[in-house]
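Residue numbers for the sequence shown follow this note's numbering, beginning at 159 and rising by one.
From the three backbone atoms N, C-alpha and C, an ideal C-beta is built for every residue, glycine too.
Before any comments, here is the structure.
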Amino acid sequence: MQFGLVHISTGDLLRAEVSAGTDIGKRAKEFMNSGSLVPDEIVIAMVAARLSREDAKEHGWLLDGFPRSFAQAQSLDKLNVRPDIILLLDVPDEILIDRCVGRRLDPVTGKIYHIKNYPPESDEIKARLVTRPDDTEEKVKARLLIYKQNSEAIISAYSDVMVKIDANRPKEVVFEETQTLLSQIQLKRMIKTDKASPVQDKWRGIPTRLNNIPHSRDIRAYFYEDVLQATIRSIKDGNTRLRVDINIPELNPEMDVYRIGTLMELVRVLALSFADDGKRVKVCVQGSMGEGALAGMPLQLAGTRKILEYMDWGDDETLGTFVKLGAIGGKEVDEEDDMFILVAPQNAVGNCIIDDLQAMTTAAGKRPVVLINPRLKDLPASSGIMQTMGREQRLEYALTFDNCYVFRLLYYLGTQYPIMGALRMSYPYRYELYKRVNEENGKEKYVLLATYSERPTPEQIDDAFSGKSRDQSKKPSGIWGFLSSVFS
Ligand code: AMP
Numbered sequence: 159m160q161f162g163l164v165h166i167s168t169g170d171l172l173r174a175e176v177s178a179g180t181d182i183g184k185r186a187k188e189f190m191n192s193g194s195l196v197p198d199e200i201v202i203a204m205v206a207a208r209l210s211r212e213d214a215k216e217h218g219w220l221l222d223g224f225p226r227s228f229a230q231a232q233s234l235d236k237l238n239v240r241p242d243i244i245l246l247l248d249v250p251d252e253i254l255i256d257r258c259v260g261r262r263l264d265p266v267t268g269k270i271y272h273i274k275n276y277p278p279e280s281d282e283i284k285a286r287l288v289t290r291p292d293d294t295e296e297k298v299k300a301r302l303l304i305y306k307q308n309s310e311a312i313i314s315a316y317s318d319v320m321v322k323i324d325a326n327r328p329k330e331v332v333f334e335e336t337q338t339l340l341s342q343i344q345l346k347r348m349i350k351t352d353k354a355s356p357v358q359d360k361w362r363g364i365p366t367r368l369n370n371i372p373h374s375r376d377i378r379a380y381f382y383e384d385v386l387q388a389t390i391r392s393i394k395d396g397n398t399r400l401r402v403d404i405n406i407p408e409l410n411p412e413m414d415v416y417r418i419g420t421l422m423e424l425v426r427v428l429a430l431s432f433a434d435d436g437k438r439v440k441v442c443v444q445g446s447m448g449e450g451a452l453a454g455m456p457l458q459l460a461g462t463r464k465i466l467e468y469m470d471w472g473d474d475e476t477l478g479t480f481v482k483l484g485a486i487g488g489k490e491v492d493e494e495d496d497m498f499i500l501v502a503p504q505n506a507v508g509n510c511i512i513d514d515l516q517a518m519t520t521a522a523g524k525r526p527v528v529l530i531n532p533r534l535k536d537l538p539a540s541s542g543i544m545q546t547m548g549r550e551q552r553l554e555y556a557l558t559f560d561n562c563y564v565f566r567l568l569y570y571l572g573t574q575y576p577i578m579g580a581l582r583m584s585y586p587y588r589y590e591l592y593k594r595v596n597e598e599n600g601k602e603k604y605v606l607l608a609t610y611s612e613r614p615t616p617e618q619i620d621d622a623f624s625g626k627s628r629d630q631s632k633k634p635s636g637i638w639g640f641l642s643s644v645f646s
């Protein structure tokens with residue numbers, strides 16, 4: 159349930175065929191009632207049909223009671239179906255016999271009870287419980303014998319994915335162990351496959367050598383593509399207020415190698431790609447916010463408008479037709495614009511960009527507005543006094559933009575070396591927390607530690623890295639510094 163898998167129980171499927179009186183049911187009934195296996199060809203055809211259904215393909219499946227023979231295992235191979243994991247619930251024979259002989263089924267709810275271990279809640283339920291015809295001691299023993307004859311061949315065919323669980327323990331313990339194993343599988347799968355997105359399928363994990371600056375063209379291209387795909391997916395889903403937070407060292411204004419060029423390249427990739435798709439994109443850079451040339455303008459943005467103008471926008475017609483340059487503000491929104499990309503909108507000392515932003519998004523209406531690396535938090539003026547006017551509304555407003563992409567490197571608080579890990583979120587997928595690991599050959603890799611539906615707090619990150627759960631760790635705050643934390 160928790161993992162969204164489709165539960166495929168061959169026993170349940172067969173019982174349904176029997177009670178519906180189908181041909182399959184008629185053929186299977188005798189075998190089932192005697193405790194022997196239903197012939198392979200019947201079961202295999204049934205499982206193959208069920209596995210090919212859309213829900214199983216999309217959500218994954220839990221096969222329960224299959225394969226029960228070597229031929230059935232081979233049939234999965236032929237279908238090119240390789241389970242990620244096989245759980246072998248190991249229980250001593252006498253306990254298994256007791257569990258089956260005492261088993262009762264509620265035909266109304268489908269719930270399974272045990273006369274001693276898990277009695278029904280009321281006399282009314284008790285009165286209607288039924289015993290499976292193959293749950294007599296004699297038949298259970300026959301089933302066990304067949305199991306033993308077949309299990310060895312199946313176990314050796316799947317030794318690489320087989321995990322034995324001691325299931326002769328309280329069910330909560332077994333449940334928890336199973337849950338942990340499945341979570342690990344789910345994490346691994348998340349990296350390998352990703353539902354609908356073919357690009358995500360090709361996602362090759364976090365690139366390495368992120369400490370080498372300037373980044374290679376490859377690394378930059380990797381991030382541009384990653385951001386682009388997340389943005390496309392989000393817009394396709396109808397989102398119109400998007401926010402990209404990407405902080406590779408080259409895009410990090412808090413490091414000495416702030417290279418506005420990388421940010422401009424990212425913006426160009428996004429704009430050209432949407433323009434290729436026939437969209438008219440307006441790229442907006444905040445203009446001067448007060449009197450005088452640079453008054454109130456964040457230093458990093460000075461000159462960006464000019465850089466954008468001089469950049470290579472492909473053929474002559476693109477800039478001015480499909481891509482237009484503008485500032486941030488309500489008046490910048492023209493009727494023919496299809497979407498807006500806002501380059502690092504930010505509050506400057508003594509000036510707040512939010513009003514312009516708000517006017518602009520109101521004018522944009524249902525058209526997408528993408529904020530790239532916004533910095534909308536308050537900045538202290540030189541006197542050290544925070545701008546507090548309207549702070550709450552501003553923060554609230556910033557929250558109306560949903561992150562469609564987040565990438566952050568993690569360091570120990572107060573340092574920028576070595577990289578300890580990374581946090582990535584690419585719409586619509588979960589936040590993924592990675593740990594950077596040095597390998598023996600001098601290489602490094604990023605290992606997925608945990609995923610979150612919401613952006614994890616520094617404390618959660620701390621816990622994931624130290625392998626602790628929150629209760630055990632009493633530390634008031636995390637030890638991880640986000641490279642420029644933009645939690646505005
Ligand atoms: P279960 O509910 O899994 O104990 O299955 C009940 C009965 O259905 C078994 O005793 C078999 O007769 C039949 N059955 C279930 N799964 C299979 C299978 N994979 N191959 C052959 N027979 C099966």
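Using a cutoff of 7 angstroms, the CB of V528 does not count as near the ligand AMP, since none of the ligand's heavy atoms is closer than that. In this structure, the alpha-carbon of R401 lies about 8 angstroms from that of P532. The criterion of a C-beta distance shorter than 8 angstroms is satisfied by Y563 and Y585. Contact check for M497 against K593 fails: the beta carbons are separated by 8 angstroms or more. Relative to the non-hydrogen atoms of the ligand AMP, the Cβ of M578 never comes closer than 7 angstroms to any of them.
Relative to the non-hydrogen atoms of the ligand AMP, the Cβ of V201 comes within a distance shorter than 7 angstroms of at least one.
The beta carbon of D251 lies closer than 7 angstroms to those of L302 in the same chain, with the five residues before and after it left out.
If you look at L428, you'll find it in the alpha helix (DSSP H) that goes I418 to D434. Not one heavy atom of the ligand AMP falls within 7 angstroms of the beta-carbon of F228. Excluding residues up to 5 positions away in sequence, V176 lie with their Cβ nearer than 8 angstroms to the Cβ of K187 in the same chain. Of the heavy atoms belonging to the ligand AMP, none sits nearer than 7 angstroms to the Cβ of F565. Look at P225: its beta carbon is less than 7 angstroms from one of the heavy atoms in the ligand AMP. Within the model, the alpha-carbon separation for D198 versus G223 is close to 13 angstroms. Counting only the Cα atoms, V605 lies some 33 angstroms from Q504. Residue burial annotation: N596 is exposed, with fewer than 16 other C-beta atoms found within 10 angstroms of its C-beta. Unbroken beta strand (DSSP E) stretches of 3 residues or longer found wholly inside the segment 227 to 309: 244 to 248, 261 to 263 and 270 to 272, given in chain order. Looking at the DSSP output, Q504 shares a beta bridge with R533. In this structure, the alpha-carbon of D492 lies about 12 angstroms from that of I486. Note on the segment 468 to 503: whole beta strand (DSSP E) runs with a minimum of 3 residues are 481 to 484 and 497 to 501, in chain order.
Judged by the Cβ position, D256 fails to qualify as a neighbour of the ligand AMP at the 7 angstroms threshold, every heavy atom of the ligand being at least this far. Between the ligand AMP and G162, a heavy atom-to-CB distance of less than 7 angstroms is absent. Secondary-structure assignment with DSSP links I323 through a beta bridge to L247.
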